[in-house]
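J.: One structure, pasted below without further comment.
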Amino acid sequence: KNVLQSEIQAHEAQGAQWWDQKGTMRALHTMNKLRISLVKNGLLATKQITPEQAAKTFFLDGINILDVGCGGGILCEALAKAGGRVTGVDPSTELIAVAQNHASLLDVTPPTYVCDTIQSHSARFLAHYDVVVASEVVEHVPDKQIFLTACIAALKPGGSLFVTAPNRTCLS
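Offset between the sequence shown (1-based) and this note's numbering: plus 17.
Now the structure itself:
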């Protein structure tokens with residue numbers, strides 16, 4: 018298994034604060050606009066969406082998206098609000114519960130949340146997603162090659178993989 022129990026426990030400890038935009042997860046909330054722009058611009062560059070579609074509020078309409086390591090669902094909800102059909106996977110049952118509880122407040126089709134690893138999920142959903150996003154998760158994974166291979170396996174041919182990670186240099 019390519020999951021560190023210590024990482025799961027550390028993130029579960031933040032569960033009650035996951036949706037507090039001024040709490041310990043504020044960086045994830047703050048980065049959401051940038052992450053949504055990254056996805057939009059990437060899909061434009063690969064012609065998965067048109068400029069006309071990108072100008073719409075629901076620019077992800079009809080696009081099947083997997084958010085790997087979704088935690089409490091911060092990015093999943095933003096993707097759903099942009100019209101995406103979103104599935105979030107995370108190995109933490111506690112964080113999936115946080116995500117599901119918060120999703121009940123949405124006024125758009127909520128994401129589907131699954132407690133699973135990407136390796137297990139992609140084995141069942143080979144070539145299923147138009148977009149796979151792994152945002153602020155790869156740095157928590159022991160074997161990055163296994164992780165990224167599983168992410169790619171979940172993508173349809175011609176799909177897009179978006180991976181983001183924090184810059185941990187002295188200047189950042």
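For glycine and all other residues, C-beta sits at the position ideal for the given N, C-alpha and C.
Do Leu92 and Arg52 have their CB atoms nearer than 8 Å?
T.: Start at 1 with the first residue of the sequence shown, and residue 92 comes out as number 75. Start at 1 with the first residue of the sequence shown, and residue 52 comes out as number 35. It is a contact, given that the beta carbons lie within the stated cut-off.
J.: Given a cut-off of 8 Å on the beta-carbon distance, is the pair Ala71 and Lys57 in contact?
T.: In the sequence shown, residue 71 corresponds to position 54, counting from 1. In the sequence shown, residue 57 corresponds to position 40, counting from 1. A contact, by the Cβ cut-off of 8 Å.
J.: Which partner residues of Ala151 appear in the DSSP bridge assignment?
T.: For the purposes of this step, residue 151 is taken as residue 134 along the sequence shown, with counting starting at 1. Note: Ala151 sits in a beta bridge opposite Val180.
J.: Looking at the structure shown, is Gly59 part of a helix, part of a strand, or coil, going by DSSP?
T.: Locating residue 59 in the sequence shown gives position 42, where the first residue counts as 1. DSSP places Gly59 in helix when its eight states are reduced to three.
J.: When DSSP labels each residue in this structure, what does Pro68 get in the three-state scheme?
T.: Your numbering for residue 68 matches position 51 in the sequence shown. Three-state DSSP puts Pro68 in a helix.
J.: Could you give the distance in angstroms between the alpha-carbon of Cys132 and the alpha-carbon of Leu61?
T.: Stepping through the sequence shown from its first residue, residue 132 is reached at position 115. Stepping through the sequence shown from its first residue, residue 61 is reached at position 44. Looking at the two C-alpha atoms, the distance is approximately 31 Å.
J.: If you count every other CB in all the chains shown that lies within 10 Å of the CB of Asp16, and 16 or more means buried, which is it?
T.: The structure shown does not extend to residue 16, since the chain is modelled only from 18 through 189, so no value can be given for it.
J.: Would you mind stating whether Pro128 and Glu156 have Cβ atoms separated by less than 8 Å?
T.: For this step, residue 128 is matched to residue 111 along the sequence shown. For this step, residue 156 is matched to residue 139 along the sequence shown. With contacts defined as CB atoms closer than 8 Å, Pro128 and Glu156 fail to qualify as a contacting pair.
J.: For Ala144, which residues in the same chain have their Cβ closer than 6 Å to its Cβ, ignoring the five residues on either side in sequence?
T.: Counted from its first residue, the sequence shown places residue 144 at position 127. Answer for Ala144: Lys173, listed in chain order.
J.: Contact check, Ser59 vs Phe179 under 8 Å by CB: the rounded distance?
T.: As a first step, residue 59 is located in the sequence shown; it is residue number 42 there, counting from the start. As a first step, residue 179 is located in the sequence shown; it is residue number 162 there, counting from the start. Before going on, a small fix: residue 59 reads as Gly here, not Ser. The Cβ separation is near 6 Å, so the contact holds.
J.: Excluding sequence positions up to five away, which residues of its chain have a Cβ less than 6 Å from the Cβ of Asp124?
T.: Walking along the sequence shown from the start, residue 124 turns up at place 107. Closer than 6 Å at Cβ, skipping near neighbours: no residue.
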